[in-house]
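Enquirer: Chains as they are written, first to last, in full-length UniProt numbering: chain A, 1 to 142; chain B, 1 to 148. From the three backbone atoms N, C-alpha and C, an ideal C-beta is built for every residue, glycine too.
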Amino acid sequence: MSARLRAADVAVGTELPERTHRLTRADLVRYAGASGDLNPIHWSDRVATGVGLPGVIAHGMLTMGLAARTVTDWAGDPAAVVEYQVRFGRPVVVPDDDAGAEVTVRGKVGAVLDGGRVRVDLTVTSGGEKVLSLARATVALA
Amino acid sequence: MALDAGLVGRSYPPSAVYEVGRAKIAEFAAAVGATDPAHTDPAAARALGHADVVAPPTFAIVVTLGAADVVIADPDVALDYSRVVHGEQRFTHHRPIRAGDRLVSTTTIEAVRTVAGNDMLTTRVDVATEDGEAVCTATSLLVARGTA
Chain A
1 MSARLRAADV AVGTELPERT HRLTRADLVR YAGASGDLNP IHWSDRVATG VGLPGVIAHG
61 MLTMGLAART VTDWAGDPAA VVEYQVRFGR PVVVPDDDAG AEVTVRGKVG AVLDGGRVRV
121 DLTVTSGGEK VLSLARATVA LA
Chain B
1 MALDAGLVGR SYPPSAVYEV GRAKIAEFAA AVGATDPAHT DPAAARALGH ADVVAPPTFA
61 IVVTLGAADV VIADPDVALD YSRVVHGEQR FTHHRPIRAG DRLVSTTTIE AVRTVAGNDM
121 LTTRVDVATE DGEAVCTATS LLVARGTA
C-alpha cells in the first residue's frame, strides 16, 4: 500500500508520474456495464456515425475516471480527491481492433491551498490531442 | 428548440435510496482501472482511516446518472437526447462514498443556455445519506449539438 503524500512534500510545479492507458472496445463495454451508461455511441458504430461522430467514442466519464487514478495513486489515498472537474473537449475515438486508443495523463501541482490541500492541473491527451480541458482536482494531503 | 429559461431552479423530489455495495465499488474501480486496495479490501481501507472500502472519485456518477433521469422524463425539458453529449462534469466530495452508504439524490436544474446553436443544460445532483449528511455534489453540463 502506498503511503499518503504529505502537503509539506509538494510545491507549485511538482509533477505527478505520467501514465498511459490503452482503451479497447472491451474497456468501453466494461465501463458501460459498471456505470449504467448504455448510450450506444459508446459501442455501436452504426449509431455513432449516424449522429455525426467519427466512430465509437469512449465515455467521457471513463476518461475522467482513468485520469483520476494519476491523482489518487500520487496522493496515496483514493479518497483524497475532494473536488474534481473536467471539460470534455474532444472525443476519444476507439477503433474496433486490438490496439484501441491510448490516453496519456500528466499532472502538475497548480496551486497550494489552505489546510493541506493542493490543486492538481491535469493534461489528458489521445493521439497527441488534448481530450479534456480545464481538468483539475483539489486534493487533501496528509 | 431553445430550452425554457423558467426551468432554472426547478428541483425534483428525492430519489429512492441507493445502497452502496462493496461489489459495486469493486466493479466500478476495475472499469476505470483503479487498483488501489482501498477499493476492494476493507482492511486496506481501514488502514487509511475509512470505515469500509471507498469509491473512486467518479463513482458518484453511478448514483447520479439514474437520479437525473427525472430531468429526461420531464416533458417541459425540450432537450433532444439523441444529440446530447456530455460537456462538463464536476464532483465536490463532502466526504468519501463508502460501502454501506444509503444515499438519496436530489436533482436541480442549475442553468440553461443556448450557445452557437447548441442547447446546454446544467444539472446539479446533491447526494446525501438518508439521514441528511451531505456526501457529494455532482454538476453536469449536457450539450445537445445543433438543436437550437
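What's the C-alpha gap between B/Leu7 and A/Tyr84?
Expert: If you take the alpha carbons of B/Leu7 and A/Tyr84, they lie about 26 Å apart.
Enquirer: May I ask which residues mark the beginning and end of the alpha helix (DSSP H) holding A/Ser35?
Expert: Here the alpha helix (DSSP H) through A/Ser35 covers Arg25 to Ser35.
Enquirer: Measure from the C-beta of A/Met1 to each C-beta in chain B and report whether the shortest distance is under 8 Å.
Expert: Model confidence at A/Met1 stands at a pLDDT of 44, short of 50, so the residue's coordinates are unreliable; what they give is reported in the following sentence. By this cut-off, A/Met1 is an interface position.
Enquirer: Does the Cβ of A/Ala48 have 16 or more other Cβ atoms within 10 Å, making it buried, or fewer, making it exposed?
Expert: So A/Ala48 ends up on the buried side.
Enquirer: Which same chain residues end up closer than 7 Å to B/Ala99 when comparing Cβ atoms and leaving out the 5 residues on each side of it in sequence?
Expert: Only Val20, Gly21, Arg22, Ile25, Asp52 and Val53 meet the Cβ criterion.
Enquirer: Does A/Leu141 have its Cβ less than 8 Å from a Cβ in chain B?
Expert: Not an interface residue.
Enquirer: So, is B/Asp131 buried or exposed, given that buried needs 16 or more other C-beta atoms within 10 angstroms?
Expert: Flag for B/Asp131 reads exposed.
Enquirer: Could you name the residues of the same chain whose beta carbon sits closer than 8 Å to that of A/Ile41, not counting the 5 residues immediately before and after it, in chain order?
Expert: Val47, Ala48, Val51, Leu53, Val56 and Ile57.
Enquirer: What is the DSSP secondary structure of A/Asp96, counted as helix, strand or coil?
Expert: In the structure shown, A/Asp96 sits in coil (DSSP, three-state: anything other than H, G, I, E or B).
Enquirer: For the putative contact between B/Val135 and B/His94, defined by C-beta atoms under 8 Å, what is the C-beta separation to the nearest angstrom?
Expert: About 6 Å separates the two Cβ atoms, so the contact holds.
Enquirer: Evaluate B/Gly87 with the Cβ neighbour count: other Cβ atoms within 10 Å of its Cβ, from every protein chain shown; 16 or more gives buried, anything less gives exposed.
Expert: Buried, because 16 or more other Cβ atoms sit within 10 Å of the Cβ of B/Gly87.
Enquirer: What are the complete alpha helix (DSSP H) segments, minimum 4 residues, inside the UniProt domain "FAS1-like dehydratase" (8-137) of chain B?
Expert: Listed in chain order, they are 22-31, 42-47, 60-67 and 69-72.
Enquirer: Smallest Cα separation from A/Thr125: which of A/Val105, A/Val93, A/Gly76 and A/Pro95?
Expert: Of A/Val105, A/Val93, A/Gly76 and A/Pro95, the residue nearest in Cα terms is A/Val105.
Enquirer: Can you give me the C-alpha to C-alpha distance between A/Ala26 and A/Arg19, rounded to a whole angstrom?
Expert: Cα to Cα, A/Ala26 sits roughly 20 Å from A/Arg19.
Enquirer: Quick one: which chain A residues come within Cβ less than 8 Å of B/Glu110?
Expert: What B/Glu110 touches in chain A: nothing, since even the nearest Cβ is about 14 Å away.
Enquirer: So, at 8 Å on beta carbons, what are the nonlocal neighbours of A/Ala7 in its own chain, with the 5 sequence-adjacent residues on each side left out?
Expert: Once the five neighbours on either side are set aside, the close Cβ partners of A/Ala7 are Val112, Gly116, Arg117, Val118, Leu141 and Ala142.
Enquirer: Please check the pair B/Phe28 and B/Pro56, which I expect to be a contact at CB under 8 Å, by giving their CB distance rounded to whole angstroms.
Expert: With 8 Å as the limit, B/Phe28 and B/Pro56 qualify as a contact, their Cβ atoms being about 6 Å apart.
Enquirer: With distances taken between CB atoms, is the gap from A/Val109 to A/Val10 smaller than 8 Å?
Expert: It is a contact, given that the beta carbons lie within the stated cut-off.
Enquirer: Residues of chain A with CB closer than 8 Å to the CB of B/Thr58, please, in chain order.
Expert: What B/Thr58 touches in chain A: Met61, Met64, Gly65, Ala68 and Tyr84.
Enquirer: Measuring CB to CB, does A/Gly60 end up less than 8 Å from A/Leu5?
Expert: Not closer than 8 Å, so no.
Enquirer: Taking only beta-carbon atoms, is B/Val62 less than 8 Å away from chain A?
Expert: B/Val62 counts as touching chain A.
Enquirer: Taking the Cβ atom as the reference point for each residue, do B/Thr123 and B/Arg83 lie within a distance shorter than 8 Å?
Expert: Not a contact, by the Cβ cut-off of 8 Å.
Enquirer: Can you confirm whether A/Val112, when its beta carbon is compared against all beta carbons of chain B, has any partner nearer than 8 Å?
Expert: Judged by the 8 Å Cβ criterion, A/Val112 is not in contact with chain B.
Enquirer: Residues in its own chain within less than 7 Å of B/His50 by CB, not counting five upstream and five downstream?
Expert: Here the set comprises Ala38, Pro96 and Arg98.
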